[in-house]
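Each residue of the sequence shown is one higher than the one before, counting from 154 in my numbering. Comments concern the structure below.
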Amino acid sequence: MRLVSIYNCEAGLKIAKPIYDDQNRVLLNEGATLTDSILNRLKSKGISHIYAQTDLTEGIIKNDDVPHTLRFETTKSMVKVFNSLSSDLNSKVAAATHGKLLREFKLVYGQLVKEMKYNAHLLNLLTHLQANSDYLFEHSMNVSIYSLAIARQLYINEDDMYVLGLGAIFHDIGKIKLERDLLHKKAKFTEEEKATMRTHAELGFELLRKERELHLLISHCAYQHHENIDGSGYPRGLKDKEIHLFAKIIGVADMFDSLMRNRREKKALLPHEAMEVLWGYCYKRYDKKILDAFIKSVALYPIGVTVTLNTGEKGVVVGYNDNFPQRPVIRVYTDTKGNKLQEPHDVDMLKHLSIMIEQCDAILDEGKIERGATA
Numbered sequence: 154m155r156l157v158s159i160y161n162c163e164a165g166l167k168i169a170k171p172i173y174d175d176q177n178r179v180l181l182n183e184g185a186t187l188t189d190s191i192l193n194r195l196k197s198k199g200i201s202h203i204y205a206q207t208d209l210t211e212g213i214i215k216n217d218d219v220p221h222t223l224r225f226e227t228t229k230s231m232v233k234v235f236n237s238l239s240s241d242l243n244s245k246v247a248a249a250t251h252g253k254l255l256r257e258f259k260l261v262y263g264q265l266v267k268e269m270k271y272n273a274h275l276l277n278l279l280t281h282l283q284a285n286s287d288y289l290f291e292h293s294m295n296v297s298i299y300s301l302a303i304a305r306q307l308y309i310n311e312d313d314m315y316v317l318g319l320g321a322i323f324h325d326i327g328k329i330k331l332e333r334d335l336l337h338k339k340a341k342f343t344e345e346e347k348a349t350m351r352t353h354a355e356l357g358f359e360l361l362r363k364e365r366e367l368h369l370l371i372s373h374c375a376y377q378h379h380e381n382i383d384g385s386g387y388p389r390g391l392k393d394k395e396i397h398l399f400a401k402i403i404g405v406a407d408m409f410d411s412l413m414r415n416r417r418e419k420k421a422l423l424p425h426e427a428m429e430v431l432w433g434y435c436y437k438r439y440d441k442k443i444l445d446a447f448i449k450s451v452a453l454y455p456i457g458v459t460v461t462l463n464t465g466e467k468g469v470v471v472g473y474n475d476n477f478p479q480r481p482v483i484r485v486y487t488d489t490k491g492n493k494l495q496e497p498h499d500v501d502m503l504k505h506l507s508i509m510i511e512q513c514d515a516i517l518d519e520g521k522i523e524r525g526a527t528a
């Protein structure tokens, strides 16, 4: 299967994986054939990419790290809890309803943790195929899944993974107390606005520590996820051993997911560039042990994604190298001038260290992501 931009699809292409709308309704089943009217409908639903069947990637299968329905149900339950937390809980009825929603969410989230704990293969980079999904909800879920992947690599037990995962889910919950216009501002923040945004860590802590249904450590994950091991973080300027391991993990996952999104004056980075930024802060912001675990946990370029190499050739990711997921196996299908090859061939980037990925389809955010090659 191959991940293709909806705008590069043509009528006659066959679907390799079911396509869902934002209510988890199936729009197209596997094996369906695209028509012009179907393409227009998918675009109107905010679908940005699809998995298509092509001769180039025949027999290549991308496994889901978390089953689609489980991720959807977890996200839907999470949204209800977030909305409940942002409302007035002073009445007994509202408080009881909120407690019920939180208990329901914890149950379904426990299923997701089990799925992650016992899933042996590398975590695929989390792609955003639904263009109209809410940033805070999607980001919170992604940070949680990345955090669980790191925890699995560090051999953290399932009970602790559950607490860590919930800490990651709620790490930015304080933002629901900030003005929506500020959260969605596209221009550069003023110094005053930066200071206001930074209050979300303390606001989240105050919200979560009152929740009897949640482990107290979850509130400290919200409080500490912007602390840096060299003491340069906020809100308290904690250093290395003063910061809980879970908050350190969440901080790495939070930054990684953020770097691959267009944010105000900053454009989205390629996956390997985002990882390099994290490593640039090793021993300053981030713990090397956590970065080592993360780079071994995530396949930076998902199976089926189209990439352009620094040679000018184009190809599709068809495999991983377990201990070096940033160096995938590419099935090259054009020459350096863009002409299609009669016989595509595989290039293992781990065996050809001078070859780099310069560009990939916009699997992470709107618009094509393009940069100069980096090591």
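Note that beta-carbon positions come from the ideal geometry of N, C-alpha and C, so glycine has one too.
Enclosing beta strand (DSSP E) for residue i [first to last residue]
{"i": "Ser244", "result": "Here Ser244 belongs to no beta strand (DSSP E), and DSSP marks it neither H nor E."}
{"i": "Lys467", "result": "Lys467 to Gly472"}
{"i": "Tyr204", "result": "His202 to Gln206"}
{"i": "Cys513", "result": "Ile510 to Cys513"}
{"i": "Ser158", "result": "Arg155 to Ser158"}
{"i": "Arg484", "result": "Val482 to Thr487"}
{"i": "Leu180", "result": "Val179 to Leu181"}
Assigned exposure category for residue i - 16 Cβ within 10 Å defines buried
{"i": "Gly212", "result": "exposed"}
{"i": "Thr188", "result": "exposed"}
{"i": "Pro220", "result": "exposed"}
{"i": "Glu519", "result": "Only weak support exists for where Glu519 lies, its pLDDT of 41 falling under 50; the value from the coordinates is given anyway. Per the 10 Å Cβ criterion, exposed."}
{"i": "Val471", "result": "buried"}
{"i": "Glu163", "result": "exposed"}
{"i": "Gly184", "result": "exposed"}
{"i": "Glu332", "result": "exposed"}
{"i": "His425", "result": "buried"}
{"i": "Thr343", "result": "exposed"}
{"i": "Ala249", "result": "exposed"}
{"i": "Val266", "result": "buried"}
{"i": "Asn285", "result": "Model confidence at Asn285 stands at a pLDDT of 48, short of 50, so the residue's coordinates are unreliable; what they give is reported in the following sentence. With fewer than 16 other Cβ atoms within 10 Å, it is exposed."}
Residue from the options whose Cα sits closest to the Cα of residue i
{"i": "Lys490", "options": "Asp475, Gly465, Pro481 and Thr461", "result": "Gly465"}
{"i": "Thr461", "options": "Ala452, Met231, Leu423 and Asp475", "result": "Leu423"}
{"i": "Gly468", "options": "Asp208, Val458 and Ile443", "result": "Val458"}
{"i": "Asp174", "options": "Arg155, Leu156 and Phe225", "result": "Phe225"}
{"i": "Pro455", "options": "Leu276, Thr250 and His251", "result": "Leu276"}
{"i": "Tyr439", "options": "Val405, Asn161, Leu503 and Glu429", "result": "Val405"}
{"i": "Ala427", "options": "Lys442, Lys420 and Phe409", "result": "Phe409"}
{"i": "Tyr434", "options": "Tyr315, Ala354, Phe342 and Asp383", "result": "Asp383"}
{"i": "Leu319", "options": "Phe235, Ala247, Arg351 and Ala348", "result": "Phe235"}
{"i": "Lys330", "options": "Tyr308, Glu344, His353 and His337", "result": "His353"}
{"i": "Asp312", "options": "Leu335, Met269, Leu506 and Ala421", "result": "Met269"}
{"i": "Pro478", "options": "Ala452, Lys245, His397 and Leu335", "result": "Ala452"}
{"i": "Pro497", "options": "Ile200, Thr207 and Arg351", "result": "Thr207"}
{"i": "Val480", "options": "Ser230, Thr487 and Asp501", "result": "The question names Val, but residue 480 is Arg in the sequence shown. The candidate whose alpha carbon is nearest that of Arg480 is Asp501."}
Under the three-state DSSP convention, the category residue i falls into
{"i": "Tyr299", "result": "helix"}
{"i": "Thr343", "result": "coil"}
{"i": "His505", "result": "coil"}
{"i": "Leu462", "result": "strand"}
{"i": "Arg362", "result": "coil"}
{"i": "His251", "result": "helix"}
{"i": "Ala284", "result": "Model confidence at Ala284 stands at a pLDDT of 46, short of 50, so the residue's coordinates are unreliable and nothing is read from them."}
{"i": "Gln479", "result": "coil"}
{"i": "His337", "result": "coil"}
{"i": "Arg389", "result": "coil"}
{"i": "Ala348", "result": "helix"}
Other residues of its chain near residue i: CB distance less than 6 Å, five sequence neighbours each side excluded
{"i": "Gln306", "result": "Ala446, Lys449 and Ser450"}
{"i": "Leu166", "result": "Leu187 and Ala205"}
{"i": "Asp393", "result": "Ile382"}
{"i": "Pro388", "result": "Ala354 and Glu355"}
Neighbourhood of residue i by C-beta distance below 8 Å, restricted to the same chain and skipping five residues each side
{"i": "His324", "result": "Ser293, Val296, Gly357, Cys374, Ala375, His378, Ile403 and Asp407"}
{"i": "Tyr204", "result": "Met154, Arg155, Leu156, Val157, Ile168, Ala169, Lys170, Lys215 and Gly457"}
{"i": "Leu317", "result": "Ser300, Leu301, Ala304, Ile309, Cys374, Phe399, Ile402 and Ile403"}
{"i": "Glu346", "result": "Leu335 and Lys338"}
{"i": "Leu209", "result": "Arg155, Val469, Arg484, Tyr486 and Pro497"}
beta-carbon residue i near the ligand MN non-hydrogen atom, thresh 8 Å
{"i": "Asn492", "result": "As presented, the structure is devoid of all ligands, the ligand MN included, so that no description of it is given."}
Alpha helix (DSSP H) segment containing residue i, residue limits
{"i": "Gly318", "result": "Glu311 to Ile322"}
{"i": "Ala406", "result": "Leu398 to Leu412"}
{"i": "His373", "result": "Leu369 to Gln377"}
{"i": "Asn193", "result": "Asp189 to Ser197"}
{"i": "Leu431", "result": "Pro424 to Gly433"}
{"i": "Lys442", "result": "Lys441 to Ile448"}
Beta-carbon contacts of residue i that lie in its chain and below 7 Å, excluding the five residues immediately before and after
{"i": "Leu369", "result": "Arg362"}
{"i": "Gly252", "result": "Glu366"}
{"i": "Gln264", "result": "Leu223"}
{"i": "Lys198", "result": "Asp174 and Leu180"}
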